[in-house]
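The structure under discussion appears below in the form of structure tokens.
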Amino acid sequence: MDGGVYPPILAGNERILQVRNLTKVYPNPGGADLEDLVVLDGISFDVREGEFVTIVGPSGSGKTTLLNIIAGLESYDGGDVVVSGHQVSGSGTDIAMIFQEDSLFPWLNVQDNVAFGLKQRGVPKDERGKMASQYIELVGLTKFAKSYTHQLSGGMKQRVAIARGLAMNPRVLLMDEPFGALDVLTRETLQYQIQEIHERTGKTILFVTHDVREAATLGDRVIMFSHGPAKIKEQYLIDLKRPRNVEDPALTGTIGAILKNLREEDVFATDKDNLGSRE
Amino acid sequence: MQQTKTTSAAESRARRERRQSLITAFDIAIGIAILVAAWQVVYWLRLWPPFLFPSPSSTAGEFVALVRAGTLESALLGTLWRIVIGFGLALALGFGTGVLMVHFKRFGRLMGSFSLGLQSFPSLAWVPFAILIIGLNDAGMIFVVVISSVFSIMMSTYSGLRNTPSIYLKAAKNMGTGNLSLFGSVMVPAAMPSLISGARQAWSFAWHALIGAEMLMGAIGLGGVLYAGSEFLKMNEVIVSMIVIFAIGLVADRLLFYRLEERVRSVWGLNRPIG
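Chains A and B supply the protein sequences, listed in that same order. Position 219 of the first sequence, counting from 1, maps to 199 under the numbering used here, and the rest follow consecutively. Quick note: to get the numbering used here, add 5 to the position in the second sequence (first position is 1).
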């Protein structure tokens, strides 16, 4: 299936994010006579309002680059990225990003971290305090509003980061392997919570992971990337009731199919090709 | 369950930190007592005549006399005035130059290597230059204070701002932070640990330089009293000024810089014991 074909789920909703033929090339750091590194090779897909889309692919397949581009944090070399009708140029507040690393500010407490973006936007103090409290409650951390980030566990930090992203009331929430650095149990809890948050807020989420089980558990749709240069190899619709968990037997088939497809991506063969072309 | 565990861990950490700071104050008191006792013992040994090695009690008497005569007060005021102006100027100049160094990268690299040499240049070696160029006055002494402390403020500003973790910048940009606000709301607070330790080091350089300059330039100040004491063979006066100089250095460091540093460290969680 090619990226341009849109699956029937949520078909009535507005296309909030349109990625068309997106290409990104990194100049080869080795020198001008070496071939440049193509990271994204003509990626096209749409995300509809309220959809929870996951992207899965081998490490180094350009997933993070794709999110950085959509967030306006990185430039691109070809194609279009359109968010609710506007071409992405530079970073705006329409799109919030949750990073894998700890991105909270250690000099601010939880409350002020969540209110940071609202302050930048010029929301008056009382109002942004109220809004921040509301989102801190949504992620269940009201007791820790006055804590500094070093007093929180890794899972709690990511929940604060999610609250901080949601507080911006973005059109799209981008999540870049947000649970990648967490232990298995915390990870499962957060996988449950993000589904709950998605249900309650109706946010459009684009979620990148290299964990196939996580991708299938969370996504209404799973987009599978090939090994770099990234192309969309396949898309899977997952029409199951939420909240789901990783052990849901109904997911087993899809997970198996994605894993089988990923294994066909012979990572080493591609590397050999690259080496060959550099000689 | 996870939440209650974190709270109790934080509480017990806070208790432990309070206990540690109590021990520190107690240690200082004990240390001073031991020092005075040892002084008294050496005095009793009569290794030097009393006018060269006075007793703690006669030194205390001299302290009272100097206070009554107003000598100590005017010296203290002169010295404090110079250090406040000099150190304040060094802070402003050092921070400003550091910011410019971050902004203009080439200038930054140039100043970076240049100031390494200047930082190790003995501060008192500036005194003759200051006397000839500016004169034997307050401005000359303040110049010596500024020139000996400005570089460590400049370098800590430069390295602190330049090493802002890129994830903070990315997150802030993603939340629509403009360039000016990125500087004030992200880079400066992120650099705070470096800025404070730079200021703390600069304070000690500034204090050394000022006392030295006052001695060499014969100012009305603690350095001046110290020098006059040795000129007139008044060991009492020498020791009193030394103690006052020591005490001011210690008090400023403890009450100002140490507290600031501790505050930042506890907010950032840099004080956590390992494990």
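Even glycine gets a Cβ: it sits at the ideal position worked out from N, Cα and C.
Residue environment, residue i, which counts as buried when at least 16 other CB atoms sit within 10 Å
| i | result |
| --- | --- |
| A:Phe205 | buried |
| A:Pro209 | buried |
| A:Thr232 | exposed |
| B:Glu78 | exposed |
| B:Phe134 | exposed |
| B:Ser118 | exposed |
| A:Lys110 | exposed |
| A:Tyr56 | buried |
| B:Gly226 | buried |
| A:Arg258 | Because the pLDDT at A:Arg258 is just 38, under 50, the model does not fix this residue reliably, and the value given afterwards should be weighed accordingly. Exposed, because fewer than 16 other Cβ atoms sit within 10 Å of the Cβ of A:Arg258. |
| B:Val47 | exposed |
| B:Trp86 | exposed |
| B:Trp49 | exposed |
| A:Thr234 | buried |
| A:Ser69 | exposed |
Minimum Cβ-Cβ distance from residue i to chain B less than 8 Å
| i | result |
| --- | --- |
| A:Arg224 | no |
| A:Gly(-17) | A caution first: A:Gly(-17) carries a pLDDT of 40, below 50, which makes its placement in the model unreliable, though a value can still be read off. Chain B, which has no Cβ nearer than 8 Å to the Cβ of A:Gly(-17), makes this no. |
| A:Pro9 | no |
| A:Tyr172 | no |
| A:Pro86 | yes |
| A:Ala51 | yes |
| A:Glu130 | Before going on, a small fix: residue 130 of chain A reads as His here, not Glu. Answer yes: the Cβ-Cβ gap between A:His130 and chain B drops below 8 Å somewhere. |
| A:Arg139 | no |
| A:Gly160 | no |
| A:Ala76 | yes |
Alpha-carbon to alpha-carbon, residue j and residue i
| i | j | result |
| --- | --- | --- |
| B:Ile136 | B:Ser161 | 29 Å |
| B:Phe56 | B:Phe237 | 11 Å |
| B:Val249 | B:Val256 | 10 Å |
| A:Arg108 | A:Arg167 | 29 Å |
| A:Asp(-18) | B:Asn168 | Low local confidence applies: a pLDDT of 41 at A:Asp(-18) is under 50, so the model's placement there is unreliable, with the coordinate-based value given in what follows. Cα-Cα distance, rounded: 43 Å. |
| A:Gln91 | A:Glu81 | 20 Å |
| A:Tyr(-14) | A:Thr3 | Its pLDDT being 43, under 50, A:Tyr(-14) is placed unreliably in this model, and the value from its coordinates should be taken loosely. Looking at the two C-alpha atoms, the distance is approximately 20 Å. |
| A:Phe159 | A:Leu170 | 8 Å |
| B:Phe148 | B:Gly91 | 7 Å |
| A:Tyr6 | A:Leu46 | 13 Å |
| B:Arg264 | B:Asp258 | 8 Å |
| B:Trp212 | B:Ile244 | 18 Å |
| B:Tyr173 | B:Gly181 | 13 Å |
| A:Ala237 | A:Met77 | 29 Å |
| A:His178 | A:Val33 | 11 Å |
| B:Ile139 | B:Ala207 | 23 Å |
| B:Gly101 | B:Ser199 | 15 Å |
| B:Leu260 | A:Ser83 | 32 Å |
| B:Gly99 | A:Gly42 | 43 Å |
| B:Ser171 | B:Phe188 | 13 Å |
| A:Glu295 | A:Asp228 | The structure shown does not extend to residue 295 of chain A, since chain A is modelled only from -19 through 259, so no value can be given for it. |
The beta strand (DSSP E) enclosing residue i, as first and last residue numbers
| i | result |
| --- | --- |
| A:Arg201 | Arg201 to Phe205 |
| A:Leu17 | Leu17 to Arg28 |
| B:Ala130 | Segment: none, B:Ala130 is in no beta strand (DSSP E) and carries neither H nor E. |
| A:Leu198 | That residue, A:Leu198, is in no beta strand (DSSP E); its alpha helix (DSSP H) goes Val192 to Leu198. |
| A:Gly59 | Gly58 to Val63 |
| B:Val243 | Element bounds for B:Val243: not the beta strand (DSSP E) but the alpha helix (DSSP H), Met240 to Ala257. |
| A:Ala267 | For chain A, the structure presents residues -19 to 259; residue 267 of chain A sits outside this window and is missing. |
| B:Ile225 | Run containing B:Ile225: none; DSSP gives neither H nor E here. |
| A:Met155 | Val152 to Asp156 |
First and last residue of the uninterrupted alpha helix (DSSP H) at residue i
| i | result |
| --- | --- |
| A:Leu47 | Lys43 to Ile50 |
| A:Lys123 | From DSSP, A:Lys123 is part of no alpha helix (DSSP H); its letter is neither H nor E. |
| A:Thr234 | Pro229 to Arg243 |
| B:Ile2 | With chain B covering only 6 through 280, there is no way to say anything about residue 2 of chain B. |
| A:Val140 | Gly134 to Ala147 |
| A:Phe187 | Note, A:Phe187: premise wrong, no alpha helix (DSSP H); beta strand (DSSP E) at Thr184 to Thr189. |
Counterpart residues of residue i in DSSP-defined beta bridges
| i | result |
| --- | --- |
| A:Asn89 | A:Tyr128 |
| A:Gln171 | According to DSSP, which records beta bridges pairwise, A:Gln171 is partnered with nothing at all. |
| B:Tyr263 | DSSP, once it has assigned bridges, lists no residue as partnering B:Tyr263. |
| A:Ala214 | According to the sequence provided, residue 214 of chain A is Glu. The question's Ala does not apply to it. Its beta-bridge partners are A:Met204. |
| B:Tyr163 | BP columns for B:Tyr163 are empty, so no partner. |
| A:Lys4 | A:Leu20 |
| B:Ile216 | BP columns for B:Ile216 are empty, so no partner. |
| A:Lys66 | It is worth fixing the name first, because residue 66 of chain A is His in this sequence and not Lys. The partner list for A:His66 (beta bridge, DSSP) reads A:Val63. |
| A:Thr34 | A:Phe187 and A:Val202 |
Any chain A beta carbon closer than 8 Å to residue i
| i | result |
| --- | --- |
| B:Met197 | yes |
| B:Pro194 | yes |
| B:Gly280 | Only weak support exists for where B:Gly280 lies, its pLDDT of 41 falling under 50; the value from the coordinates is given anyway. No, its Cβ sits nowhere closer than 8 Å to a Cβ of chain A. |
| B:Thr169 | no |
| B:Gly181 | yes |
| B:Tyr263 | no |
Chain D within 8 Å of residue i, Cβ atoms only
| i | result |
| --- | --- |
| B:Ser186 | Any reference to chain D falls outside this structure, whose protein chains are A and B. |
The ligand GDP heavy atom lying under 7 Å from the CB of residue i
| i | result |
| --- | --- |
| B:Ile216 | For the structure depicted, the ligand GDP is absent and the ligand set is empty, with no information on it obtainable. |
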